[in-house]
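Residue numbers for the sequence shown, in our numbering: 3 to 318. Backbone N, C-alpha and C define an ideal beta-carbon position, used for all residues, glycine too. Note that this is a predicted model, so its numbers are computed, not measured.
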Amino acid sequence: MPKPIVGLHHVTAIASDPQTNLDFYTEVLGLRLVKRTVNFDDPGSYHFYFGDDAGTPGTILTFFPWPNAMRGTPGVGEVTLTAFSAPLSSIDFWEQRLLGFNLPVERSTRFEETVLTFPDPDGMKIEIVGHAGAAPANPARFSPVPPEHALRGFFGVTLFLKKSEETEAILNTMGFTKRAEEGNRLRFSAEGTALGNHIDLLLNPEGRHGRMGAGTVHHIAFRAADDASQLEWREILDKHLHVTPVLDRTYFHSIYFREPGGVLFELATDPPGFALDEPIESLGEALRIPPWLEQQRTVIEQRLPRIELHKAKVLA
Ligand code: ZN
């Protein structure tokens, strides 16, 4: 058996205005921009990676900010909720902080946890799950959020589906088993307590299909411990689904497959990570592009919208 899949590696979503997206995730949620790069398949647009201070797997939320993107519609076959982990004792802080930014925040209880649900600037539903046993923080160095309240990384995601059997089977194959059930919500997790270890299936046979666009999740990536495990997992998963060959994403290596409920899954390696091409001290401050696009750098830089990382303002 390959080394286990312990949880999520990253979640990738679509945004519209790059500056608005950058400001929200760094200045409101206090994440660190750990990589400023381009969409490798569309180098005229950015690819932002936000995470903890080091860009640890399980903390990475990434965006393709397309300035003129139409707003999408969340629906069946999509990830409709992306949840961060925080200590239960930080929930009141976060509720007040989010209300202070005039965000509509809903507070609820789900299974054992206290959950805050609110929209990002493109309407994407973000959650902060307060729970006992939140991991220690590795807070972003330029964050305006007090370190004890820093978001720890992912708690998990919710997939909205019409039915669950085939998705359950694939999750089981990946080492995720059903741990709890509440109404029409099923909770799966892998062994251990890694970040992003909660995969919820929210079922509604009458649910309407979603449409990709700004404010929707494009795909979710699970963690492969290394290249060898990834290839072993590829062989196992390819017996059930069409799995892509390994693709080089510079900071990790990826395979992709669509689970039967319609959600695009990726399996991404932990190495080499985000300190591959720039020092940890200045992650995200300069535009990094992969070697095969480097000769087009001038053209790419001219086409990209101007953005400003408000690091100084946050420090002041
Ligand atoms: Zn990805």
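Cα separation between residue i and residue j?
i, j, result
"residue 277", "residue 75", "35 Å"
"residue 144", "residue 97", "21 Å"
"residue 299", "residue 313", "24 Å"
"residue 92", "residue 86", "12 Å"
"residue 48", "residue 288", "12 Å"
"residue 82", "residue 122", "13 Å"
"residue 311", "residue 73", "24 Å"
"residue 46", "residue 260", "26 Å"
"residue 207", "residue 223", "26 Å"
"residue 191", "residue 40", "32 Å"
Using only alpha-carbon positions, find the residue among the options that is nearest to residue i.
i, options, result
"residue 80", "282, 205, 281", "205"
"residue 262", "171, 232, 250", "171"
"residue 68", "259, 238, 129, 216", "216"
"residue 89", "38, 53, 155, 113", "155"
"residue 77", "240, 209, 271", "209"
"residue 266", "41, 244, 303, 178", "244"
"residue 29", "153, 158, 139, 161", "153"
"residue 4", "258, 308, 302, 225", "225"
Exposed or buried, what is residue i when buried is set at 16 or more other beta-carbons lying within 10 Å of its beta-carbon?
i, result
"residue 317", "Because the pLDDT of residue 317 is 44, which lies under 50, any placement of that residue in the model is unreliable, and the number read from its coordinates should be weighed accordingly. When all chains shown are included, residue 317 counts as exposed."
"residue 102", "exposed"
"residue 117", "buried"
"residue 20", "buried"
"residue 126", "buried"
"residue 315", "Bear in mind that a pLDDT of 47 at residue 315, under 50, signals an unreliable position, so the model cannot answer this."
"residue 269", "buried"
"residue 327", "The structure shown does not extend to residue 327, since the chain is modelled only from 3 to 318, so the question has no answer here."
"residue 232", "buried"
"residue 12", "buried"
"residue 230", "exposed"
"residue 129", "buried"
"residue 238", "exposed"
Tell me the DSSP secondary structure of residue i in three-state form.
i, result
"residue 265", "coil"
"residue 11", "strand"
"residue 27", "helix"
"residue 317", "Low per-residue confidence applies at residue 317: pLDDT is 44, beneath 50, and the placement is therefore not dependable enough to give any value."
"residue 90", "helix"
"residue 250", "strand"
Say the cut is 8 Å; is the CB of residue i nearer than that to a heavy atom of ligand 2?
i, result
"residue 36", "For the structure depicted, ligand 2 is absent and the ligand set comprises only ligand 1."
Query - Any heavy atom of ligand 1 within less than 5 Å of residue CB: hits in chain order - result: That gives 14, 223, 268.
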